[in-house]
Amino acid sequence: MQPDISIQQVSKIYSGGFRALNNINLDIQRGEIFALLGPNGAGKTTLISIICGIVNLSEGRVLAAGHDIIDDYRAARETIGLVPQELNTDAFETVWDTVSFSRGLFGKPPAPRHIEKVLKDLSLWDKRKSRILALSGGMKRRVMIAKALSHEPRILFLDEPTAGVDVELRRDMWEMVRKLRENGVTIILTTHYIEEAEEMADRIGVIRDGEIILVEEKTRLMAKLGKKELRLHLQVPLEKVPHALAAEPVVLSEDGYELIYTFDAQNEQAGVARLLRKMADEGIDFKDLQTRESSLEDIFVGLVHENKP
Ligand SMILES: Nc1ncnc2c1ncn2[C@@H]1O[C@H](COP(=O)(O)OP(=O)(O)OP(=O)(O)O)[C@@H](O)[C@H]1O
Ligand SMILES: [Mg+2]
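Numbering (my numbering), first residue to last: -15 to 293.
Given below as C-alpha cells:
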C-alpha cells in the first residue's frame, strides 16, 4: 500500500546555516496514529511545517496522499489539516466564523452540518457565537483543532495538541482523535506528554538533533526496551553495595535503605532468584519488595540521553 505520507531524504538548513533536520526518511501509513517524540528543539515542528508547506525543505522530497508537496502543492495541502503549536486565530472573529472561513480557504463549499458536528465533537457548540478573545486557552486550542478539521482532511497533524489543556479535556481529545482514526484519518502528533503517546500511538518515532533515531511500533518498543525494576527495602541500611553482590546490576539508594535491581522485562527470571539467594547468604534481610515496569517515559529519557556528548 502506498504510504499516506512519504518523507524521503529530507534535510532542512535554516537561513543562518543551522541544520535543523538531517536526512529524514519516514513513511506513515493510512489510518495510523504516529507520535513524534523528541526534546525541545529536536526538529518536530520543522518537519511538520515542511510537510504542511509552511517551511521550505532544503533537500529531499515529501509526498502527501501521493502528491508531491512542492510540484503538486494544492492537492497535497488539501489533504492535510494542521493544528499548529502556536495559537494564531483572529481574536475578534466568532468561533463559527473562523472555523467556517478556514474551510473556505481550501476552496471547499460551505458545509454548516460538518462545521456543527466538528464544534459539537469538540464541545465548542455553546461557544460558537463567542469571539475568540473571550475564550480560555484550552478552548482556543480546540478552536484550532476545529479549524484544522473544517475542510475534512484525511491527514491531520497535531503539534503539541494538548499543551495547556486540562486532564479531563485531554482525555476527551484522545477520544476524538481515536474517532477520527476510525473514520480513516491518518494522525501525526507531537507531544511532550509521553503518557499521551503511550495511550494513543500505533507507532512512535523519536527525533533528536534533527535525526530520527528510532521508529518502532509502540508495543514492540515497550517490549524491546522495557525494563523491570525490583526494589528491596532493607531492614538495616547499607553503606555500599556488598562485595558479594558486586557482579549483579544493583544500585543502592541514597539513604542506603533500598537495593534497586534492574533487569530486562523480556527474559530474566533467574537473576532475581540468584540475587535473593546471595542476599540471604550475606544475611541481608529485606522487609518489603516492589516491582515496577518501565514506562515509555523511562525508555524515552534513556534514548534521548544515550551516547550524548
Ligand atoms: N526560523 C528559524 N530559523 C532558524 N532556526 C530555526 C527556525 N525555526 C526553528 N529553528 C531551529 O531549529 C531547531 C528545531 O526547532 P523546532 O521548532 O523544529 O523544534 P521542536 O522539536 O518542535 O521543539 P519544541 O519541542 O520546543 O517545540 C531549533 O534549534 C530551532 O532553534
Ligand atoms: Mg515544536
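Here a beta-carbon is modelled for each residue, glycine too, at the ideal position from N, C-alpha and C.
Please identify the residue among 67, 85, 277 whose C-alpha is closest to the C-alpha of residue 213. Comparing C-alpha distances from residue 213 to each of 67, 85, 277 shows the shortest one belongs to 277.
In chain order, what are the residue ranges of uninterrupted beta strand (DSSP E) at least 3 long that sit wholly in the segment 164 to 232? Counting only runs of 3 or more, we get 170 to 174, 187 to 192, 195 to 201, 211 to 218.
As a quick exercise: from 207, 100, 113, 94, pick the residue whose alpha carbon is nearest that of residue 130. Considering only 207, 100, 113, 94, the residue with the shortest C-alpha distance to residue 130 is 100.
To the nearest angstrom, how far is it from the Cα of residue 202 to the Cα of residue 68? Separation of residue 202 and residue 68 (C-alpha to C-alpha, rounded to the nearest whole angstrom) is 24 Å.
Buried versus exposed call for residue 169 [16 or more other C-beta atoms within 10 Å across all chains shown]: Of the residues assessed, residue 169 falls on the buried side of the cut-off, its CB having 16 or more other CB atoms within 10 angstroms.
When 195, 287, 244, 18 are compared against residue -8, the one with the closest alpha-carbon: The option with the nearest alpha carbon to residue -8 is 195.
Ordered along the chain, which non-local residues of its own chain (more than five positions away) have a Cβ less than 7 Å from that of residue 30? Same-chain partners within the cutoff: -4, 4, 5, 39.
Measure from the alpha carbon of residue 45 to the alpha carbon of each residue in 231, 147, -11, 65, then state which is nearest. Proximity to residue 45 across 231, 147, -11, 65 peaks at -11, based on C-alpha coordinates.
Output the distance between the C-alpha atoms of residue 225 and residue 174, rounded to the nearest integer angstrom. About 41 Å.
So what does residue 274 bridge to, in DSSP terms? According to DSSP, residue pairing for residue 274 in a beta bridge involves 215.
Give, in chain order, every unbroken run of the beta strand (DSSP E) that is at least 3 residues long and sits entirely within the segment 39 to 111. Qualifying beta strand (DSSP E) stretches, in chain order: 43 to 48, 64 to 67.
Per the DSSP calculation, residue -3 is bridged to which residue(s)? Bridge partners of residue -3: 3.
If you drop the 5 nearest sequence neighbours on each side, which residues of the same chain put their C-beta closer than 7 Å to that of residue 181? 19, 21, 175, 188, 280.
Stretch-stretch touch, CB-based, cutoff 8 Å, three pairs: the segment 147 to 161 with the segment 254 to 262: By the Cβ test, the segment 147 to 161 is not in contact with the segment 254 to 262, since fewer than three Cβ pairs between them sit closer than 8 Å.
Sort 112, 53, 90, 227 by Cα distance to residue 267 and report the nearest one. For the residues 112, 53, 90, 227, the minimum Cα distance to residue 267 belongs to 227.
Which stretch, first to last residue, makes up the beta strand (DSSP E) that contains residue 264? Judged by DSSP secondary structure, residue 264 falls outside any beta strand (DSSP E) and instead within the alpha helix (DSSP H) spanning 254 to 266.
Counting along the chain, where does the beta strand (DSSP E) carrying residue 244 start and finish? 242 to 248 is the span of the beta strand (DSSP E), which, as asked, contains residue 244.
Taking the beta strand (DSSP E) that residue 139 falls in, what are its first and last residues? Unbroken beta strand (DSSP E) run through residue 139: 139 to 143.
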